[in-house]
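Written as structure tokens, this is what we have:
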């Protein structure tokens, strides 16, 4: 406790004394004010309430902010006034006592440097002082009733200046306690859409009235390319040549601003302007952080949407064309995507400009060559795998496209129309480049898989069906919806040593490379066995042995039909089914039905059964083979089914094999709007004799 506080306590027998210890948190000033208010009420000193509560708030706030220790609050009231001491437990510089007098202009300037809170104490307190003790530091102030004589006396160690009497102002322009309270309590509307302009205007008008300024302006540059904008204005505009009081706003980049007052110099103008600027800067900093947080959330949403859009396409050209559309105009005036070819040269893949009329010029500039051209900088960015700035006439920068360690090209972006890219936008663009590169690489991998799958699938099917007098062959094949997968369905027409033709259609379980390997094995083994003249039952048995020995859990359903000339214009067909669906016999005179007897699928059991069915095809009759991709075509829970296939084939009596195969394919595809989940194969054998 201070010396003067002790003297006041000793002489306050009829007064009130309160001592309390408070933690160092944001609620401490409010608690301290409550203690002071209770003492004021009890001692009938309500006329000192404004000054006492204001100074208590400032001292406790400063102590919480700087000392960060517990605080001792002591309030002593007597008949003529009040003494408040705020002590902390931060290490001090030794035992010394400093007493301030507001009429000393040198002291005022020193106080204004140390802190705004002590400036208020110096202005409103009758007396104040700072005591350094081994346990910490205490700051006290004394408020006396107007016209009352201050207490006399003291204790050993107190330094009391000779002119320390009641504090009265010698400056007629000094602000009042109520004005200072209004200035310090001014706050923005928490529920307003944009409360800063009104808040800044209120602060500016209050401080201008307190210092007698003819006018004032607060300017703010948010770093958004709009330049410095007037946030608040008061009074008349400054006259040319006026010596204005300027105080910069203490905000972080990209914010920058300044407070200007057209005020005459005084002891309080500069400190109050600085105090106002600091209060405004605090809320501007909150605004900057809030806007930055909102902006980051917007960028995160943008990146999530960009990733989703890029992931939806597995086409290389479409993916590269999509990237500039994502960038322009949100992240730049123009954007160009270059990819490297097999020789490492950059090739323009896609470009976009916010002004479509500028596209020809953009393409022209991008096509220019030379050491200082944009293309040279793009090559440097691709080679160095680093961000490279681009000069005029299309200013911007280039980011390399790198995915899985592979350099795919560059993403070039032009600057905004009004400003350069800020660090957040550069980071977003680099993230877009990474996601775009990964999407392009994924599309390339998918395209390569699709080419491999198509090549492999084509190798498992005959390029063309043979042309045979009196026999018509036709086939339709639709791969599964994923064209990067190889299906297990296949068909073939093979000549037999005895002059007949062997029609083969089968379905290997599963999909992918393993199914394709089994499909190729089945197809080749059949060709070898029947080429050696093996009977069809023996060929099926040998093929079953091969699949069982191979293992792997793959099995195969198969339909074999040996067709050759019969009596007259008829065709004789020897049909063998190994677990495959029965074919449909379509008569030329109309009507359709299933023929043949089911057998055992190949690759499941050591021995199989494969009954033989002898069928005669008259002129115009057709035998329709198909895989389960046709009958299991799904529409919701409904299947296409064998009955619907038979009913779809019945009206096609008399049509050529090509027409029958095409119509049945269309009927199966149109049954559902979804892409096929399984391969669809239809093979038609027709007696074309007339």
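Residue numbers (the UniProt record's numbering): 1 to 690. We treat Cβ as the ideally placed atom computed from N, Cα and C, and that holds for glycine. Predicted model only: the values in this text are computed from it and were never measured.
(message) Is the separation between the beta-carbon of residue 394 and that of residue 348 shorter than 8 Å?
(response) no
(request) Would you kindly check if the distance between the Cβ of residue 564 and the Cβ of residue 616 is under 8 Å? (result) no
(request) Can you have a look at residue 670 and say buried or exposed, based on whether 16 or more other CB atoms are within 10 angstroms of its CB? (result) Residue environment: residue 670 is assigned as exposed (fewer than 16 neighbouring CB atoms within 10 Å of its CB, all protein chains considered).
(message) Just to confirm the assignment, what range does the beta strand (DSSP E) spanning residue 137 have?
(response) 136-144
(message) Does the segment 469-480 come into contact with the segment 654-673, if we say contact requires no fewer than three beta-carbon pairs (one atom in each stretch) closer than 8 Å?
(response) yes
(request) Classify residue 629 as helix, strand or coil using the three-state DSSP reduction. (result) helix
(message) Given a cut-off of 8 Å on the beta-carbon distance, is the pair residue 196 and residue 287 in contact?
(response) yes
(request) Measure the beta-carbon distance from residue 262 to residue 215 and round it to whole angstroms, keeping in mind my assumption that it falls under 8 Å. (result) 5 Å
(message) Could you give the first and the last residue of the continuous alpha helix (DSSP H) run that contains residue 271?
(response) 269-312
(message) Taking the alpha-carbon of residue 186 as reference, which of 680, 207, 655, 397 has the nearest alpha-carbon?
(response) 207
(request) Using 10 angstroms around the beta-carbon of residue 334, count the other beta-carbons present and answer buried if the total reaches 16, otherwise exposed. (result) buried
(message) Would you call the segment 217-236 in contact with the segment 254-274, where contact means no fewer than 3 C-beta pairs closer than 8 Å?
(response) The segment 217-236 vs the segment 254-274: in contact.
(request) Look at the alpha carbon of residue 427 and the alpha carbon of residue 26, and state the distance between them as a whole number of angstroms. (result) 36 Å
(request) For residue 112, I'd like the list of residues in its chain whose CB is within less than 8 Å of its CB, leaving aside the five on either flank, ordered along the chain. (result) The predicted position of residue 112 is uncertain, since its pLDDT is 38 and thus under 50; no value can be drawn from it.
(message) Assuming residue 360 is part of the beta strand (DSSP E), what are its boundary residues?
(response) First-last for residue 360: 359-367, but that is the alpha helix (DSSP H), not the beta strand (DSSP E).
(message) Taking DSSP's pairing of strands, which residues face residue 81 in a bridge?
(response) 144
(message) If distances are taken between C-alpha atoms only, which option among 391, 375, 290, 431 comes closest to residue 302?
(response) 431
(request) Using a threshold of 8 Å, state whether the C-beta atoms of residue 603 and residue 542 are closer than that. (result) no
(message) Tell me which residues share the same chain as residue 250 and place their Cβ nearer than 6 Å to its Cβ, disregarding the 5 neighbours each side in the sequence.
(response) 281
(message) Can you look up residue 691 in the DSSP assignment and give me helix, strand or coil?
(response) Residue 691 is absent from the structure shown; the chain starts at 1 and stops at 690.
(request) Output the distance between the C-alpha atoms of residue 512 and residue 442, rounded to the nearest integer angstrom. (result) 19 Å
(request) Could you check what DSSP says for residue 558 in three-state terms: helix, strand or coil? (result) strand
(request) Identify whether residue 123 lies in helix, strand or coil by the three-state DSSP scheme. (result) helix
(request) Please classify residue 262: does DSSP put it in a helix, a strand, or coil? (result) coil
(request) Could you spell out the range, first to last residue, of the alpha helix (DSSP H) harbouring residue 457? (result) 423-459
(request) Would you kindly work out how many angstroms separate the C-alpha atoms of residue 18 and residue 193, rounded to a whole number? (result) 44 Å
(request) Return helix, strand or coil for residue 608, following the three-state DSSP convention. (result) coil
(request) Could you work out which residue in 337, 588, 460 is closest to residue 527 when comparing CA atoms only? (result) 460
(message) Please report the distance separating the alpha-carbon of residue 657 from that of residue 304.
(response) 52 Å
(message) Please give me, in chain order, every unbroken run of the beta strand (DSSP E) with length at least 3 that falls completely inside the segment 463-524.
(response) 471-478, 489-495, 501-508
(request) Could you name each continuous alpha helix (DSSP H) segment of 4 residues or more that falls completely within the segment 43-89, going from the start of the chain to the end? (result) Within the segment 43-89, the runs of alpha helix (DSSP H) that reach at least 4 residues and sit entirely inside it are, in chain order, 49-66.
(message) Following a CB-centred definition, is residue 62 positioned closer than 7 Å to any heavy atom of the ligand ADP?
(response) Annotation note on the ligand ADP: not contained in the displayed structure, which lists no ligands.
(message) Tell me the DSSP secondary structure of residue 687 in three-state form.
(response) strand
(message) DSSP three-state label for residue 199, please.
(response) Residue 199: helix per DSSP, three-state reduction.
(request) Sort 180, 290, 278 by Cα distance to residue 222 and report the nearest one. (result) 290
(message) So, with DSSP's three-state summary, where would you put residue 588?
(response) When DSSP states are grouped into helix, strand and coil, residue 588 belongs to the coil group.
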